[in-house]
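Visitor:
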Amino acid sequence: MNKSIQFDYAQALDLVSPEQQVAWPAKAAACMETLHEGTGAGKDFLGWLHLPSSTTPEEIADIQETAERLRSKCEVVVVIGIGGSYLGARAVIEALEHSFAQMEAGAKNRKDPVLVYAGNNISEDYLFEICRMLENRSFGLINISKSGTTTEPALAFRILRKMLEKNCGKEEARQRIVAITDARKGALRTLADREGYKTYVIPDNVGGRFSVLTPVGLLPIAVAGFDIGDLIDGAADMEASTALNVPIEENIAAQDAAVRNEMYAQGKKIEILANFHPKLHYLAEWWKQLYGESEGKEHKGLFPAAVDLTTDLHSMGQWMQEGERSIFETVVSVAAPNQRVVIPSDKDNLDGLNYLAHKRVDEVNKMAELGTRLAHVDGGVPNLKITLPELDAYYLGQLIYFFEKACGISGYWLGVNPFNQPGVEAYKKNMFALLGKPGYEKETEAIHKRLGE
Ligand code: PA5
């Protein structure tokens, strides 16, 4: 039987009385019911709940076939998308790939294309530099936008598509472009249909930040050379072990939702996701989006922050240990590293490190992790811990579904609609008014007046 990721909240219980815990099972069951029976706010966006168990071998094979085509033609594949349309793929790819994969782009004997990302900012320098980097390389584009109208990816796609067509001709460019978007609507759908690009559909009932287990995440991950079947298997196993009939005592997603809401009720305003492996940096970026957009509304919600440790112990560590006590911490721990480095002994021992000689580096990292958790608990920072047996596609699949499920339950526990994001429109409205976008004439006039112009 496959192992499972573990969730341990014993180090957060100082703040929680047994009476408070007694209320958890009923509340968790009610939130689970709302989620599974589709009776809550945002009920049209619950397609992610059963995605892992309903993904067919045929769908996986089709994605793999497209990935193979891109892999055979491209040294570099640019994943164009923002928010939920790129963070999940990047989280998995960076967790699994060689830390210095970028240095190997175009290197002899390298069989996997390097993935780079665009359309997640509007920086002119970034776009200039990505174009220069791609100039003498064979490249392809995966353009992802559920709405098909988001400015950042649309702008990057316009520039990179023209460059690709100029480099290799329209016909070959068509073979190297894949669009992932809505089945019917949006500018990207219109363009993809007109140009005859290979397309994948983001289901209507799956929102961006819950879409990593659709082609949005699966295609880039497969192009990078990782096993999307294992990823889905891991997610499907977590789907089963957090199903509606699984009580909170055995359901780690419901436990996480309960503890984090209890922390919030006790005055903790910030949850810090901590990792001890740089490869997990983007997992935290994806997690921040998942929780930030799902819970931060109606002037409520924990602020999701993240640190990379031990790196940030030399910067944010001071604040975490002794700053305002408005935080709790969730550590994502990896039980066993994939590689082996043993610390050598040194005859002169001028650096004083011989006490570590013959130990593995991970043993030092693990003691740093334990020491940090204990110090933070002593400093008034409750601690939750999620342990992955190993960093591989299967356990990442489990972890992704675990966080999605915990987030859905947690949002209902908090009393918000976890599946909308009305707040992200405000900056867009101002930007369009300032840029004079057709249809925004009134807003343009109003904003110029406000700025005294
Ligand atoms: O979770 C979400 O819905 C958002 O973060 C979107 O993914 C993001 O805004 C990108 O939108 P789109 O895919 O429509 O371009």
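1059 is the number of the first residue of the sequence shown in the working numbering; add one for each residue after it. Idealized CB from N, CA, C, for every residue including glycine.
1) Quick one: residues in its chain with C-beta nearer than 6 Å to the C-beta of Arg-1267, no 5 flanking neighbours on either side, listed in chain order?
2) Could you have a look at Glu-1308 and say whether DSSP puts it in helix, strand or coil?
3) Within 10 angstroms of the Cβ of Gln-1160, are there 16 or more other Cβ atoms? Answer buried if so, exposed if not.
4) Measuring CB atoms only, is the segment 1235 to 1251 touching the segment 1203 to 1212, in the sense that at least three cross pairs come out at less than 8 Å?
5) Determine the closest residue to Gly-1197 out of Tyr-1322, Tyr-1184, Leu-1107 and Leu-1218, with distance taken between C-alpha atoms.
6) Could you tell me the alpha carbon to alpha carbon distance between Gly-1513 and Gly-1466, rounded to whole angstroms?
7) Going by other Cβ atoms of all chains shown within 10 Å of its Cβ, with 16 needed for buried, is Tyr-1498 buried or exposed?
8) Between which two residues does the alpha helix (DSSP H) holding Asp-1450 run?
9) For Gly-1098, which residues from the same chain have a beta carbon less than 6 Å from its beta carbon, with the 5 sequence-adjacent residues on both sides left out?
10) Pick out the complete alpha helix (DSSP H) segments inside the segment 1316 to 1384, 4 residues or longer, and give them in chain order.
11) Rounded to whole angstroms, what is the Cα-Cα separation between Ala-1451 and Pro-1273?
12) Would you give the residue range spanned by the beta strand (DSSP E) that Ser-1203 belongs to?
13) Pro-1440 to Asp-1072, Cα distance in whole Å?
14) Candidates Trp-1345, Tyr-1258, Ala-1433 and Ser-1384: which alpha carbon is nearest Leu-1371's?
15) Which first and last residues belong to the beta strand (DSSP E) in which Val-1172 is found?
16) Would you report the Cα separation of Ala-1214 and Tyr-1485, rounded to the nearest angstrom?
17) Could you tell me whether the Cβ atoms of Gly-1177 and Ile-1138 are closer together than 8 Å?
18) Quick one: give me the first and last residue of the beta strand (DSSP E) that Gln-1064 is part of.
19) Below 8 Å between beta carbons: does that hold for Ala-1311 and Ala-1342?
20) Where does Lys-1228 fall in DSSP's three states?
21) Assuming Lys-1256 is part of the beta strand (DSSP E), what are its boundary residues?
22) Does the beta-carbon distance from Gly-1287 to Ile-1121 come in below 8 Å?
23) Starting from the C-beta of Asn-1201, find all residues in its chain whose C-beta is less than 6 Å away, skip the five residues before and the five after it, and write them out in chain order.
24) Quick check on this structure: which residue in Pro-1480, His-1416, Asp-1409 and Leu-1457 has the alpha carbon closest to the alpha carbon of Val-1400?
25) Can Phe-1065 and Gln-1456 be called in contact, C-beta distance under 8 Å?
26) Return the chain-ordered list of same chain residues with a C-beta closer than 6 Å to the C-beta of Phe-1334, the five sequence neighbours on each side being excluded.
27) Can you say whether Lys-1359 is buried or exposed, counting buried as having 16 or more other CB atoms within 10 angstroms of its CB?
28) For the beta strand (DSSP E) containing Ala-1237, list its first residue and its last residue.
29) Rounded to whole angstroms, what's the CA-CA distance from Met-1378 to Ser-1384? Just pull it up for me.
30) Once DSSP output is grouped into helix, strand and coil, what is the label at Lys-1443?
31) Could I get the ranges of all uninterrupted alpha helix (DSSP H) runs contained in the segment 1389 to 1470, with 4 residues as the minimum, in chain order?
32) Could you name the residues that DSSP lists as bridge partners for Val-1134?
33) Strictly by DSSP, which residues pair up with Phe-1386?
34) Taking the alpha-carbon positions, what's the Thr-1113 to Val-1136 distance?
35) Cβ of Ile-1200 versus every heavy atom of the ligand PA5: is any distance shorter than 7 Å?
Guide: In short, the structure shows the following:
1) Answer for Arg-1267: Gly-1142, Gln-1347, Leu-1348 and Glu-1351, listed in chain order.
2) Annotated three-state conformation of Glu-1308 is coil, per DSSP.
3) By the neighbour-count definition (other C-beta atoms within 10 Å, threshold 16), Gln-1160 is an exposed residue.
4) As far as the Cβ criterion goes, the segment 1235 to 1251 touches the segment 1203 to 1212, which means the pair count is three or higher.
5) In the sequence under discussion, the amino acid at residue 1197 is Phe, which differs from the Gly named in the question. The candidate whose alpha carbon is nearest that of Phe-1197 is Leu-1218.
6) Since the first residue of the chain shown is 1059 and the last is 1511, residue 1513 is not available in this structure.
7) Tyr-1498 should be labelled buried.
8) Judged by DSSP secondary structure, Asp-1450 falls outside any alpha helix (DSSP H); it is assigned neither H nor E.
9) So the qualifying residues of the chain are Thr-1092 and Tyr-1470.
10) Taking only runs of at least 4 residues, the alpha helix (DSSP H) segments lying wholly in the segment 1316 to 1384 are 1339 to 1353 and 1375 to 1380.
11) Roughly 16 Å separates the two Cα atoms.
12) Where Ser-1203 is concerned, the enclosing beta strand (DSSP E) stretches over 1197 to 1203.
13) Pairing Pro-1440 with Asp-1072, the inter-Cα distance amounts to about 8 Å.
14) Distances from the alpha-carbon of Leu-1371 to those of Trp-1345, Tyr-1258, Ala-1433 and Ser-1384 put Ala-1433 closest.
15) 1172 to 1176 is the span of the beta strand (DSSP E), which, as asked, contains Val-1172.
16) Roughly 19 Å separates the two Cα atoms.
17) Going by beta carbons, Gly-1177 and Ile-1138 fall inside the 8 Å limit.
18) That run of the beta strand (DSSP E) goes 1064 to 1066.
19) Cβ distance not < 8 Å, so Ala-1311 and Ala-1342 don't count as in contact.
20) Helix.
21) In the DSSP assignment, Lys-1256 falls within the beta strand (DSSP E) that extends over 1256 to 1259.
22) Between Gly-1287 and Ile-1121, the gap from beta carbon to beta carbon reaches 8 Å or more.
23) Around Asn-1201: Ile-1138, Phe-1215 and Ala-1237.
24) Closest option to Val-1400, Cα to Cα, is His-1416.
25) No, these two residues do not count as a Cβ contact at 8 Å.
26) Result list for Phe-1334: Leu-1367, Asn-1423 and Glu-1427, in chain order.
27) It should be noted that the sequence gives Gly, not Lys, for residue 1359. By the neighbour-count rule (16 or more Cβ atoms within 10 Å), Gly-1359 is buried.
28) For Ala-1237, the uninterrupted beta strand (DSSP E) run begins and ends at 1235 to 1239, by DSSP.
29) For Met-1378 and Ser-1384, the distance between alpha carbons rounds to 10 Å.
30) Under the three-state reduction of DSSP output, Lys-1443 falls in the strand class.
31) Assignment of alpha helix (DSSP H) within the segment 1389 to 1470, counting only whole runs of 4 or more residues, yields 1419 to 1436 in chain order.
32) Val-1134 pairs with Val-1172 and Phe-1197.
33) According to DSSP, which records beta bridges pairwise, Phe-1386 is partnered with Glu-1329.
34) Distance between the alpha carbons of Thr-1113 and Val-1136 is about 25 Å.
35) A distance criterion of 7 Å places the beta-carbon of Ile-1200 beyond contact range of the ligand PA5, judged by its closest non-hydrogen atom.
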